[in-house]
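Let me begin by presenting the structure, written as structure tokens, before commenting on it.
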Amino acid sequence: MSVKQNIKKLKENNKVIKSICNFLNKDNYMWVKLIIAAVIAVVGSIIFEHTIYRIIDPQYISNNRMMLVSMIFMFIELHFIFKLDKMYNFIHKYRYALAAAFLIFAMVMGYHGSSIVNFDNEVQSNSENRRFHTLLGFPRLIRTDEWASSMLYKLSQGVGNEEDRFLYFNDRLRGTETDMFTLVDAPVKSILMIGKPLQLGFVFFGNDAGISFYWYGKLVLMLLGSYEICRIITKDKRKVSLVGMIAITFSAATQWWYCMDTLIWGQLIIVLVNKFMITNKKYVKYLCALGLISVLLAYAFVLYPAWQIPFVYVLFAVFIFMFVTNIKDGYRFTIHDVIVITLTVLTVLAFVTAWFVTSKDAIEATMSTDYPGQRREVGGGSFILYSYIYNIFYPYKDAFNPCETSSMLSFYPIPMIFGILYLVRNRKDEKIKDDLLFLIPTIFIGVFLTVWCKYGFPEIIAKLSLMSMSTSQRASIALGTINIYILMYLFGRMEDRKEENVNKTKDLKNILSVLVKIVIAVLFTVYALYIARKHLVIFLPPMDAYLGKIKILISGVLFGITFISIFNMDKKCFRNIAYTMIVIIALVGGITVNPVSRTTDVIYEKPISKKFAEIREKDPDAIWLGDDTGWYLNNYMVANGLRVINSSNVYPNFDLFEKVLGEERAKEPDNRTIFNRYCHVNINLGKYEEDRVFAAAADNLVIELNTESLEKLDVDYIVAKKDLNTLGYDMEFEELYKEDGLYIFKPVYQN
């Protein structure tokens, strides 16, 4: 080959290389790349469905799942098509519109993350329906407070005739008049629902769309609220705020307790007050005031002091920083603002007063219970302060109780320690006043909560601080949250610092400093691994077998890298590694906790559910009883619009126990202590010497009831797992239904 030919070939090859590079450039051929990416996403989802997911769930081929997986693949691919700055600036700019579009999509498709699909195994497991399974992930059996309790109460309100739906006082739960708004936390037709905005979907759109709006509305508000509060803390460092948003939203505690309402509403209070102070537009101030009325009421209506009290301390520390910063930046109270604030406060007080008057009896009944009304804590003994280091495994291999052992991805206590060191080291910095404004109150509250969680308070201090209404475990979540805030603040301050022009890698002093930090970070990682395992094993011995050597090694590597990066956060390269690791750990440990499911068919399309609906239509006021059915099934009956006397007691049904035991026996201290609490109620029919009530567990009561006592309880229908007519009882039962191990009987009374 001649020289000219070689040169020509080189030029041709160079043109090809240039063409390839030109095509790969993120600014070129966008539509072509999007089409190619879409094709790859669709093909990839089909392959995923027919290979990997056939191993996970061999039962069904799901078009819905393929659509969701293709959308996930497409989002990942967009990172290779668009420049990341442009892409995330676009998301930031249109974040509220994108959030609204996501919610509408979820509602139209009927998607949600509830674990109610567990009822496919609990109720007539042989019945077939392709919607009785999850699309992605697994239902969480441990989350009974969600799928077997609170979600069923919400769904029950939307069932039946128009006049029976969304009543403030309904007689389905407990089979007697029950306050559905206050303690049950279910949607009702009332102006007070302004304080429960996420439940309005049930009222306006029905159960399928309502559960979607409720479930993913919480996720959207947690994401947006966390992002905005991190922007306030970091003074609009968007990359750091994105990391903080993911760390808060996808922490194990947030997901296993599913987007704690207390944290959602508390963060939004600060965000709305901040917006009210920085805007000059009156209509925006009015919108903020309306929003504040809603979120202040929502925070109050959570009615769970165990989280409300410690989070008040956390949020107040951040509020001080936000409020004083805005004053320093020039905000001044005007007569207009004072009037708007006054009207907002008075409106909230008016709503709270109206609520208290309406729900007075239910509130008093709860406050007089042995639990939760008489709970008084002194703190101490928390075993989850360091458990974040093992939380990444919970979604993939069942742990003893991942809800109780999960924590925030806080890296406790490093952020608090670094906050103190930062103040000491930069005490002569001209910006130290701004740092003091944030770090002093947050570190103080962090220390306050640390003492409560680890050692406890004297009884008098516990009462005066109101922490007696919380527990060390619940307060640990608030402590973890404030550590995330402190860490994001420090990241933000490091982003403000300009890198020195010298080549730091050749600076011997700097190299030694990095090496020392690496050694300390490794030592702390080993300490955190040890202390977390030790505490978990002491308080929950089954965790000993769960936390084996492989898990310890994996956690050690992941968190070792992260701690090394955090310890060297003053250097940009280490900060970027820290951001990446925090996001990865948060997503791995949190994003797959809750499943993706579709519709509420598992509640209303089972064969027995259709029979429930048929009988309810003819006899809507009938009293139902579950005989040895377990409280899951009893509450399932409530979700189908039935009046069930032995469904869960969110507050005591004294009338039931007085009918069972007689008025005198029911008032005996020992008996009253048993049922004077929140509890699940199971009834076992049989031949007993006398009716009695006993506690099978702290929150699980059993009533042994003679069949002769059914009439005094006015029972019209019985759901059972056995044929009552074959057990030799002294009465007859008309069999109305029998299928897949479940029966419906109508007692035949002699009179």
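If you count the sequence shown from 1, you need to add 837 to reach the working numbering.
Cβ atoms here follow ideal geometry from the backbone N, Cα and C, with glycine treated the same way.
So residue i is in the alpha helix (DSSP H); what residue range does that whole segment cover?
| i | result |
| --- | --- |
| residue 963 | Residue 963 -> no alpha helix (DSSP H), and no H or E assigned at all. |
| residue 818 | Because the chain spans 838 through 1588 in this model, residue 818 falls outside it and cannot be assessed. |
| residue 1094 | Per DSSP, residue 1094 belongs to no alpha helix (DSSP H) and is neither H nor E. |
| residue 916 | 900-918 |
| residue 1309 | 1309-1333 |
| residue 1451 | 1444-1455 |
| residue 1293 | Taken as a continuous stretch (DSSP letters only), residue 1293 belongs to no alpha helix (DSSP H), as it is neither H nor E. |
| residue 878 | 867-887 |
| residue 1491 | 1491-1498 |
| residue 928 | 921-930 |
| residue 1388 | 1386-1404 |
| residue 1077 | 1075-1086 |
| residue 1565 | Unbroken run through residue 1565: none, as it is neither H nor E. |
| residue 1248 | That residue, residue 1248, is in no alpha helix (DSSP H); it is neither H nor E in DSSP. |
| residue 1377 | That residue, residue 1377, is in no alpha helix (DSSP H); it is neither H nor E in DSSP. |
| residue 991 | 988-993 |
| residue 958 | 956-959 |
Give the secondary structure of residue i by DSSP, where H, G and I count as helix, E and B as strand, and everything else as coil.
| i | result |
| --- | --- |
| residue 1579 | strand |
| residue 1572 | strand |
| residue 1341 | Here residue 1341 scores only 48 on pLDDT, less than 50, and its place in the model should not be relied on; the value that follows carries that caveat. Looking at residue 1341 - three-state DSSP - the assignment turns out to be helix. |
| residue 1147 | helix |
| residue 847 | Confidence is the limiting factor: at residue 847 the pLDDT is only 48, short of 50, which leaves the residue's position unreliable and the question unanswerable from this model. |
| residue 1124 | helix |
| residue 1232 | coil |
| residue 948 | strand |
| residue 1587 | coil |
| residue 1133 | helix |
| residue 973 | strand |
| residue 1002 | coil |
| residue 1349 | helix |
| residue 1367 | helix |
| residue 1020 | coil |
| residue 1595 | Coverage of the chain is limited to positions 838 through 1588, which leaves residue 1595 absent and any answer about it impossible. |
| residue 1592 | Any answer about residue 1592 is impossible in this case: the structure gives the chain only from 838 up to 1588. |
| residue 1104 | helix |
| residue 897 | coil |
| residue 1264 | coil |
| residue 1299 | helix |
| residue 862 | coil |
| residue 1428 | coil |
| residue 1056 | helix |
| residue 1116 | coil |
Is residue i near the ligand PLP, in the sense that its beta carbon is under 8 Å from a heavy atom of that ligand?
| i | result |
| --- | --- |
| residue 1315 | As far as ligands go, the structure on display features none, and thus does not contain the ligand PLP. |
Taking the DSSP output, what are the residues bridged to residue i?
| i | result |
| --- | --- |
| residue 1553 | The partner list for residue 1553 (beta bridge, DSSP) is empty, contrary to what the question assumes. |
| residue 1534 | 1537 |
| residue 1482 | Beta-bridge pairing links residue 1482 to no other residue. |
| residue 1015 | 1007 |
| residue 1614 | Coverage of the chain is limited to positions 838 through 1588, which leaves residue 1614 absent and any answer about it impossible. |
| residue 1208 | 1514 |
| residue 1464 | 1520, 1557 |
| residue 1434 | 949 |
| residue 1529 | 1541 |
Where does the unbroken beta strand (DSSP E) through residue i begin, and where does it stop?
| i | result |
| --- | --- |
| residue 1518 | 1517-1523 |
| residue 1468 | No beta strand (DSSP E) contains residue 1468, which is instead part of the alpha helix (DSSP H) from 1467-1476. |
- Counting Cβ pairs closer than 8 Å, one from the stretch 1280-1287 and one from the stretch 1036-1054, do we hit at least three? no
- Completely contained alpha helix (DSSP H) runs for the stretch 1028-1052, where each covers 4 or more residues: 1037-1042
- Message: Quick check for students: name the residue ranges of the alpha helix (DSSP H) that lie wholly in the stretch 1147-1219, counting only runs of 4 or more.
- Response: 1172-1195, 1197-1204
- Below 8 Å, can you find three or more Cβ-Cβ pairs linking the stretch 915-928 to the stretch 1410-1418? no
- Contact between the stretch 1027-1036 and the stretch 1066-1076 (3+ Cβ pairs under 8 Å): no
- Spell out a yes or no on whether the stretch 1303-1319 and the stretch 1205-1222 are touching, meaning 3 or more CB-CB pairs, one atom from each, closer than 8 Å. yes
- Hey, is the stretch 956-963 in contact with the stretch 926-933, meaning 3+ C-beta pairs nearer than 8 Å? no
- Message: Taking contact to mean 3 or more Cβ pairs, one atom from each stretch, closer than 8 Å, check whether the stretch 1017-1028 and the stretch 1000-1007 are in contact.
- Response: yes
- Below 8 Å, can you find three or more Cβ-Cβ pairs linking the stretch 1059-1069 to the stretch 1103-1116? yes
- Please determine if the stretch 903-910 and the stretch 874-894 are in contact, where contact requires at least 3 C-beta pairs separated by less than 8 Å. yes
- Item | Three-pair Cβ contact test at 8 Å for the stretch 1175-1190 versus the stretch 1496-1513 | no
- Query: Given 8 Å as the limit, is there contact between the stretch 938-953 and the stretch 972-980, that is, 3 or more CB pairs closer than that?
  - Reply: yes
- Query: Is it a yes or a no for the stretch 1437-1454 touching the stretch 961-971, going by three-plus beta-carbon pairs under 8 Å?
  - Reply: yes
- Between the stretch 1464-1473 and the stretch 983-992, do three or more beta carbon pairs fall short of 8 Å? yes
- Message: Does the contact criterion of 3 or more C-beta pairs under 8 Å hold for the stretch 1258-1266 versus the stretch 1233-1245?
- Response: no
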